[in-house]
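Residue numbers (my numbering): 4 to 205. Contents: one structure, followed by commentary.
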Amino acid sequence: MASLIAKRSSSSVLGGLRMAVSAAAAAARTYASISVGGDIVSAAPGVSLQKARSWDEGVSSKFATTPLKDIFKGKKVVIFGLPGAYTGVCSQQHVPSYKNNVDKFKAKGIDSVICVAVNDPYTMNGWAETLKAKDAIEFYGDFDASFHKSLDLTKDLSAALLGLRSERWSAYVEDGKVKALNVEEAPSDLKVSGAEVILGQI
Numbered sequence: 004m005a006s007l008i009a010k011r012s013s014s015s016v017l018g019g020l021r022m023a024v025s026a027a028a029a030a031a032r033t034y035a036s037i038s039v040g041g042d043i044v045s046a047a048p049g050v051s052l053q054k055a056r057s058w059d060e061g062v063s064s065k066f067a068t069t070p071l072k073d074i075f076k077g078k079k080v081v082i083f084g085l086p087g088a089y090t091g092v093c094s095q096q097h098v099p100s101y102k103n104n105v106d107k108f109k110a111k112g113i114d115s116v117i118c119v120a121v122n123d124p125y126t127m128n129g130w131a132e133t134l135k136a137k138d139a140i141e142f143y144g145d146f147d148a149s150f151h152k153s154l155d156l157t158k159d160l161s162a163a164l165l166g167l168r169s170e171r172w173s174a175y176v177e178d179g180k181v182k183a184l185n186v187e188e189a190p191s192d193l194k195v196s197g198a199e200v201i202l203g204q205i
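Here is the structure:
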């Protein structure tokens, strides 16, 4: 399927808060620095993610992190980013869209379906367990937003008391190379970054 970057517009922000996005902010919105054909590992040099785990598991692992090359190189990966654990659209629509389609991803040869957010790995772990999604999806934290900053996929959601967070996005990545990338215009949207769209791009 043809690769694409898709974007949509909306005036609402995260999870039903329906806060207006200013015209200036909308005008300043740019495409992510990572693009189709780019290497996601090279775009975020030295960056690691933190696999979801309990606090005790974090201690026993000596707070180990996972380099991006271990996540992407030599694999076919579908990854989606979202503004935050326990928030409305993320919990009610975005994660379920992938959880409910994981068998279709596996049938297309996808090795991993990954969810990442600007949260610590302990919060991500608790959230994944609440959603009963850990068996289907790999959850990672980006606790300091370094991954999303490197990709230019951050969003200031201070208006929703969330601070700097991730855009809502999805990508199909093969051996580190981005084959498809979809970024929502507003974090409350789920028009281009859900599972159904990226299934058609693999």
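Note that CB positions come from ideal geometry on N, CA and C, so glycine has one too.
DSSP places residue 173 in the strand class (E or B) of the three-state scheme.
DSSP links residue 115 through a beta bridge to 80. Following the DSSP letters along the chain, one finds residue 157 inside the beta strand (DSSP E) bounded by residues 157-159. Less than 7 angstroms divides the Cβ of residue 43 from the Cβ of residue 179. Setting aside the 5 residues that flank it on each side, residue 154 is surrounded in the same chain by 35, 36, 37, 46 and 47, each with a C-beta closer than 7 angstroms to its C-beta; the list follows chain order.
Our two residues, residue 132 and residue 70, have alpha carbons roughly 24 angstroms apart in a direct line. Within a 10 Å sphere around the beta-carbon of residue 75 sit 16 or more other beta-carbons, which makes this residue buried.
Within the segment 34-101, the runs of beta strand (DSSP E) at least 3 residues long that lie entirely inside it are, in chain order, 51-54 and 79-85.
Relative to the Cα of residue 84, the nearest Cα in the group 190, 128, 66 and 147 belongs to 190. Spatial neighbours of residue 55 in its own chain (CB-CB distance under 7 angstroms, excluding positions within 5 residues in sequence) are listed in chain order as 124, 127, 128, 131, 142, 143 and 144.
Straight-line spacing of the CA atoms in residue 156 and residue 50 works out to 14 angstroms. Secondary structure of residue 146 (DSSP, three-state): coil.
In the DSSP assignment, residue 105 falls within the alpha helix (DSSP H) that extends over 105-110. A check of alpha carbon separations from residue 115 across 176, 200 and 86 identifies 176 as the nearest.
Counting along the chain, residue 183 sits inside the beta strand (DSSP E) bounded by residues 180-186.
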